[in-house]
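The numbering used here applies: residue 2 is where the sequence shown begins, and numbers increase by one. What follows is a short report on a single structure.
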Amino acid sequence: MNIKYYASEQWTKYLVFIGLGFIAISLCQIASKDWTNYINWFNRDAILSWQVMWESSSFFTERLYFFSEKFFGELIGFSLFIALTTLVLLTVKLNYLVKIVGHIGLACFFYSCLYLFLFEATVLRVAFATALVIPAFYYWREQRFIISVWLILLATQIQLTSIVFLLIYPLYFIRRLNVLIFAVFVISPIVVITRFSVFDGLVSINRPISFCMAWYNITMNRAEIRSQKR
2 MNIKYYASEQ WTKYLVFIGL GFIAISLCQI ASKDWTNYIN WFNRDAILSW QVMWESSSFF
62 TERLYFFSEK FFGELIGFSL FIALTTLVLL TVKLNYLVKI VGHIGLACFF YSCLYLFLFE
122 ATVLRVAFAT ALVIPAFYYW REQRFIISVW LILLATQIQL TSIVFLLIYP LYFIRRLNVL
182 IFAVFVISPI VVITRFSVFD GLVSINRPIS FCMAWYNITM NRAEIRSQKR
């Protein structure tokens, strides 16, 4: 009896997740203000060779998303790729939310009422990245820190700003750093007024790194051409 009840509960849970997934897919492809941008990015990447994409990429260029977008978008179509990815990652996200809060109703309430549900309709890559960040929080709670850090680093390859979630680890191990949270809260109005952007800051760091990598590749190609002529 208990086994049948457990199986029925699991089926109900995943049916709810899939239902929310189809709503998210509709929001993403019909209501999203960024959907046109994602299509333009795919069209841009579709005409590039894999070698060019690899040479122009780095840790800061979100390889996991853009490489997957190119490969699966060309294989099955971009819209279907996004739909399947949204469905799978949303199921993962909600499953780990259930593990964290302990109840499917609370998990769906948390997802639907807070900003998590709007990610699919506004910033799609953030929605995909949080599907890795939330399991990272679960494994952090279970003190499986290596898996947790690995998931957040993987999330940065979908949405770079996910790197800010790494702050949870020094705050956990060095409790005095919790003062930092209060300091951030105090200065947050200044950040809003000055329009400071973490993403723009990371991009500005990436530019000199990308320039050095491009210069290195050009130098190595020239050296190879000269050696072949000899």
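Even for Gly, the Cβ is constructed at its ideal location relative to N, Cα and C. Small disclaimer: the values here were computed from a predicted structure and weren't measured.
Asked, Found
"The segment 8-25 contacting the segment 79-91, beta-carbon criterion three pairs below 8 Å", "yes"
"Distance, SER58 Cα to TRP36 Cα", "23 Å"
"Whole-Å CB distance - ILE101 paired with PHE138, under 8 Å assumed", "7 Å"
"Rounded straight-line distance, which links the Cα of ALA132 to that of GLN158", "13 Å"
"Proximity below 7 Å, CB of PHE73 to CB of PHE82", "yes"
"Extent of the continuous alpha helix (DSSP H) to which SER57 belongs", "That residue, SER57, is in no alpha helix (DSSP H); it is neither H nor E in DSSP."
"ALA108 versus SER163 - alpha carbon distance", "21 Å"
"Alpha-carbon spacing of TRP151 relative to VAL134, whole angstroms", "10 Å"
"Minimum C-alpha distance to PHE60 - residue among LYS94, PHE129, LEU161, LYS14", "LEU161"
"CB of TYR170 within 7 Å of CB of PRO136, strictly", "no"
"Integer-rounded CB distance, given that LEU95 should sit under 8 Å from CYS29", "So it is not a contact: roughly 16 Å between Cβ atoms."
"Burial state of TRP51, where buried means 16 or more other Cβ atoms lie within 10 Å", "exposed"
"LYS94, enclosing alpha helix (DSSP H) - first and last residue", "79-102"
"Between the CA atoms of TYR112 and ASN179 - distance to the nearest angstrom", "27 Å"
"THR62: first and last residue of the uninterrupted alpha helix (DSSP H) it sits in", "Premise fails: THR62 is in no alpha helix (DSSP H) and is neither H nor E."
"Secondary structure of PHE23, DSSP reduced to three states", "helix"
"Cβ-Cβ separation, PHE166 to ILE232 (assumed contact under 8 Å), whole Å", "Only positions 2 to 231 of the chain appear in this structure, which leaves residue 232 out of reach."
"Where VAL17 sits in the DSSP three-state scheme", "helix"
"Residue from VAL93, VAL185, TRP55 with nearest C-alpha to ALA128", "VAL93"
"C-alpha distance - SER9 paired with CYS114, whole-angstrom precision", "26 Å"
"Three-state class that DSSP yields for TYR140 in the structure shown", "helix"
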